[in-house]
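Counting from -8, one number per residue, gives the positions in the sequence shown under our numbering.
Where a beta carbon is used, it is the ideal one built from N, C-alpha and C, also for glycine.
For reference, the structure is listed below as C-alpha cells.
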Amino acid sequence: MRLISTQSVSTHPLLNKLGLGMLPRWLRGKRRQHHYRLQIRCEDRADLDQVLEMVSHTLQPAGLHPVQSMTPGRSGGRELVLNLRCTPSQRRYLVQFVHQVGAAHPVRWELRPRGGDPERT
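Spelled out as C-alpha cells, the structure:
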C-alpha cells in the first residue's frame, strides 16, 4: 500500500527547518512581480531627455527595464508612459525614481493598471 502525503512541500516539517532555499527552483514557486504604469508629463524635448536619463541611471542598474511609449498630453505637452514589472525587492528603486522625477515633473503611477487598455498594457 502506498501512502500519499497531503501536506504541501513548503509545510513539510523538515523543509520548515531547512528553509525554502534548499528546494529546487521548480518547487520554490514564481517570484512575485507587480505591474506598474507610470505617466510622466513632459513639456518639451529637454524634459523628455532628462526623464530618460533618470531611467537609465536609476531603474536600469536595478534590473528594471520599462517599456516606453509616448502619448499626447494636455496643453501641447507629451506624456511618457512607462510600463514595468518589478519584484518587492526592486520596488525601492522604483519609489526612488518616482520621487526624483516627481520633484520636477507631474507623475502619476498605478499598481496593476486596468487590462482593458490593449494599447497601454
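Check: What does DSSP give as the partner residues of S60 in its beta bridges?; Outcome: V72
Check: At a Cβ threshold of 9 angstroms, is Q91 touching chain D?; Outcome: Here there is only one protein chain, and chain D is not present.
Check: Go ahead and pull the three-state DSSP assignment for E101.; Outcome: strand
Check: Given a threshold of 16 other Cβ atoms within 10 Å of its Cβ, counted over all protein chains shown, does R65 qualify as buried or as exposed?; Outcome: exposed
Check: For G67 and E34, what's the separation of their Cα atoms in angstroms?; Outcome: 8 angstroms
Check: For V58 versus V92, is the C-beta distance shorter than 9 angstroms?; Outcome: no
Check: On the CB-based measure, 16 or more other CB atoms within 10 Å of its CB, does V86 come out buried or exposed?; Outcome: exposed
Check: Rounding to the nearest angstrom, what Cα-Cα distance links Y27 and R82 in this structure?; Outcome: 10 angstroms
Check: Under DSSP, the alpha helix (DSSP H) around L43 begins and ends at which residues?; Outcome: 36 to 45
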